[in-house]
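Sequence order for the protein chains is A and B. Residue 554 in the working numbering is what sits at position 215 of the first sequence, and the numbering runs on without skipping anything. Residue 482 in the working numbering is what sits at position 208 of the second sequence, and the numbering runs on without skipping anything.
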Amino acid sequence: MKRKIAIGLAVYSVVFLLAGVYVIRTIRNATTNLDRLITLHQVEILREHFLLQIKKVQADLMLKGTPYSRSFDSVVMHVMGMGRLIDTCFGCHHSPRGMERLNGLKRQTDKYKDALSRVLTVRAETSRLAAEKDAAFRTGEELIEQVGDVIAFTTSRLGENTQKAMSEIEHTKYILYVLVALGPLLSAVLGFVFISGLTRPVKVLVESTRKLKGGDLDHRIEGLKDEFGEVAASFNEMAGSLKEQIQKMQRTEQMVVVGELAAGLAHEIKNPMAGIKVAMSVLSGEAYILPEDKAVLQKVVAEITQLEGLMKDFLNFAKPQKPRLEPVNVNQMLHTTLTFHLKHQAVGSGGSGKIEIVRKFGELPTILADPTKLQRVFLNLFLNALHAMPRGGELGVRTWLDADGKTIRVEVSDTGSGIREDLIDKVFQPFFTTKPKGTGLGLAISRQMIEQHDGAIAVANRPGGGALFTILLPVEAEGSAA
Amino acid sequence: MIGLIPEQNLFRQMERYEPMGEYLSRKTGAKIAFKVLPRYGNIIDNFKSSKLDGAFFGSFTYVLAHAKAGVEVLARPVAPDNTSTYHGMIFVRKDSGIRTAGDMRGKRFAFVDKATTAGYLLPLEYFHHHGISDYDHFLKEAYFTGTHEDAIYDVLNRKADIGAAKNTVFQRLASVDPRIRQELVVLERSPDVPENALALRKDIDVSVRNLLKESLLSMHLDPGGRKVLERFGALKFIETTNRDYNVVLKYAEDLHLDLSTYEYMNN
């Protein structure tokens, strides 16, 4: 969010900076155009002034020798003024064509001044004087004509330039209007975007908190990003943890009930069953018992033995013993379990297909664990895998150490039909089973034992079919294992 | 107010002297302005009527003004070729066929002004020397251009057949117009006389006179002054006295001119 705010402010600043630069540039262009127009008009006035000055000098010339002639000093002043005006024109910038015209005007002006000087100084016969005066007048007329041409030309150019400048100024005006209108609008839009960006995630968080408070522990926040995304992730983590803790509490309550039940059963059933078993064993050993009856008695003893096992499991689950920790090589234990115990236990699994066992053991450190419990967990998982593959398949066992060196991972996979997705969350619940003769305690006890080692166990279906159990065991256990 | 004789085109003359006026005003603290006059003789009239405080005089004009109005000379410029004098010249077009005084009969003569050495005294002396006492009848037309420049151009442009003018103006024009040397030929020249010099009215305050003189004489020592001199077309100003005009006095004497009664105004 900080990044977004920073980017937003940067965008905002850049937009306004660009707009400001544009406004300044357009205003500068407009003022430049106006300056240029003013200069052009000044030049136009200068030319008109120049023309007037020439006409004034021409008038001086015409009046010379008449009763109305102006003083010599006035004439000189007029001519000098005319000369200064044309010199002023050279102080401005001109195009090569304009400079050529100006040089032409300057030459003609100098010629006119020469002729005027002659008229003013020469003393001769009347005819010569008249000729000089006429020559000067004609030169003056030519100059007037030239200046008139220049004025006509520049007037047309001035009109074009004025039109162009006014058009640009009009354009600038419209641009400024648009910017003045767009500025507040853009501010409002950007403000709305920023405020929405802040309030929407807050609203989502508040609503989610309310849902959580209302008991919807499965609600998760999605779609938030940046810092709000991090808050959402923490919220989701908290919701998950809350759900887990509640489930643990529920399990603990179940365990209390089961424990009390198991204790009662042990007391009420175990001893009578032991008596029945002994009695049946003794009875089956009597000589008068017919062989077919002996088989029945032995069947009864076997059933009682199975019931005792069930009771034992029940008691173990309800009142688990503390693990007795000792150094354990997990790979070695897996190997032993697969090689010896599994074969022994698998005899009665009922499967007819060929089971291929694939081992992929990574290098693991020795950990402190209860070997009996751990072996039972592994064996339980292996037997489950065999049961899931009645027509044969592949039992995969893989181990490795996490990159951080703190957790050992054990994966047990099969190529059976996998677990129904709607049941996958229940497989670790006590008394849940999909087997016709299952007690529903195997995986519950396995999880209990793994958790006694501060570990975790999870199940998932493999993409290619079959189930995949993953056990996580800490290299250095804490909590109950300590 | 300083008067200027129309040595060249009136307006160029003003433009030539204006920077000097500004410089001298700064140096002396007095407002010094120039006034160009249509005729050499007007200067003398203006002194008589006290309209002018001083003027840049041609050599003969000064001699006349000194005699008639008592003006006193101060200083004159030294040209870039290190000369402070000029001389008059009589010239014709090369293709005119005029080479002697006799050839001038029935021709048109462009004088400058009756109050000039180069533009009038020289041809007067020339005619005198060749026994021509009344040039009006000898020539077809005699007129006064008023400026040396116009006398030269009138001959060059065939408006006149013979002309008389200062060599300094002749050389200045020839440097920008090669036709002048190519198409004109000089038939006679006068002795060297002092270049146009600044002279002041005799009743001008001595301190002002000295300040102005000092400013002119030290112009070439000042960077600003050197720039003005460069534009003016001079290296420096040198002190000038009445003795420098002896040659002009001698010239007038040879022509039997009585300066006190000399009619300097052109017809």
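Here a beta-carbon is modelled for each residue, glycine too, at the ideal position from N, C-alpha and C. Values in this document were obtained by computation on a predicted structure and should not be read as measured data.
As computed with DSSP, Leu734 of chain A is found in a beta bridge with A:Ile696.
The straight-line gap separating the alpha-carbon atoms of Val354 of chain A and Val545 of chain A is approximately 34 Å. For the stretch 401-427 of chain B, the residues whose beta carbon sits under 9 Å from a beta carbon of chain A are, in order, Glu415, Ala416, Tyr417, Phe418, Thr419, Gly420, Thr421, Glu423, Asp424 and Tyr427.
Distance from the Cα of Asp428 of chain B is smallest, within the candidate group A:Gly536, A:Ala454 and A:Asn372, for A:Ala454. Between Asp565 of chain A and Arg342 of chain A the beta-carbon gap is near 7 Å, inside 8 Å, which marks them as a contact. For the stretch 434-459 of chain A, the beta-carbon criterion of a distance under 8 Å to any beta-carbon of chain B is satisfied by Lys452, Asp453, Leu455, Ser456, Arg457 and Leu459. Nearest to Lys550 of chain A by C-alpha distance, out of A:Val532, A:Phe574, A:Glu481 and A:Leu563, is A:Phe574. Annotation: Cβ neighbours of Pro312 of chain B in chain A (cutoff 8 Å, chain order): Phe411, Leu459 and Thr460.
Every alpha helix (DSSP H) stretch that sits fully inside the stretch 405-472 of chain B and reaches 4 residues is listed by chain position as 409-412, 422-430, 441-450 and 453-457. If you look at Ala657 of chain A, you'll find it in the alpha helix (DSSP H) that goes Pro630 to Ala657. Here Arg663 of chain A carries a coil assignment [DSSP, helix/strand/coil]. Burial state of Phe492 of chain A is exposed, judged by a 10 Å Cβ sphere holding fewer than 16 other Cβ atoms. In terms of beta-carbon proximity, Met294 of chain B stays away from the interface with chain A, with every pair separated by 8 Å or more.
Note on Lys388 of chain B: 16 or more other CB atoms within 10 angstroms of its CB, so buried under the neighbour-count rule. Residues of chain B with a Cβ closer than 7 Å to the Cβ of Met401 of chain A do not exist, since the nearest Cβ in that chain sits about 18 Å away.
By alpha-carbon distance to Asn520 of chain B, the top candidate from B:Val467, B:Asp477 and B:Leu474 is B:Val467.
If you look at Arg446 of chain A, you'll find it in the alpha helix (DSSP H) that goes Pro435 to Thr460. For Pro769 of chain A, no beta strand (DSSP E) run applies, since DSSP gives it neither H nor E.
The C-alpha of Arg730 of chain A lies about 28 Å from the C-alpha of Leu649 of chain A. Looking at the DSSP output, Glu750 of chain A bridges to A:Arg737 and A:Thr809.
Under the Cβ criterion of 8 Å, Leu284 of chain B is counted among the residues facing chain A. DSSP, read as helix, strand or coil, puts Gly362 of chain B in strand. Taking a beta-carbon distance threshold of 8 Å, Pro397 of chain B does not count as an interface residue toward chain A. When secondary structure is reduced to three states using DSSP, Asn516 of chain B falls in the helix class.
Of all residues in the stretch 356-386 of chain B, none has a C-beta nearer than 8 Å to a C-beta of chain A. Using a CB distance cut-off of 8 Å, Val418 of chain A counts as an interface residue toward chain B. Contact between Leu677 of chain A and Ile706 of chain A fails: their C-beta atoms lie close to 19 Å from each other, not under 8 Å. Close to chain B, meaning a Cβ-Cβ distance shorter than 7 Å, are the following residues of the stretch 460-481 of chain A: Thr460, Val461, Arg462, Ala463, Glu464 and Arg467. Against Pro452 of chain B, chain A offers no close residue; the least beta-carbon distance is about 18 Å (beta-carbon pairs closer than 9 Å). Within chain A, no residue has its CB atom less than 9 Å from the CB of Met275 of chain B, the nearest being about 11 Å off.
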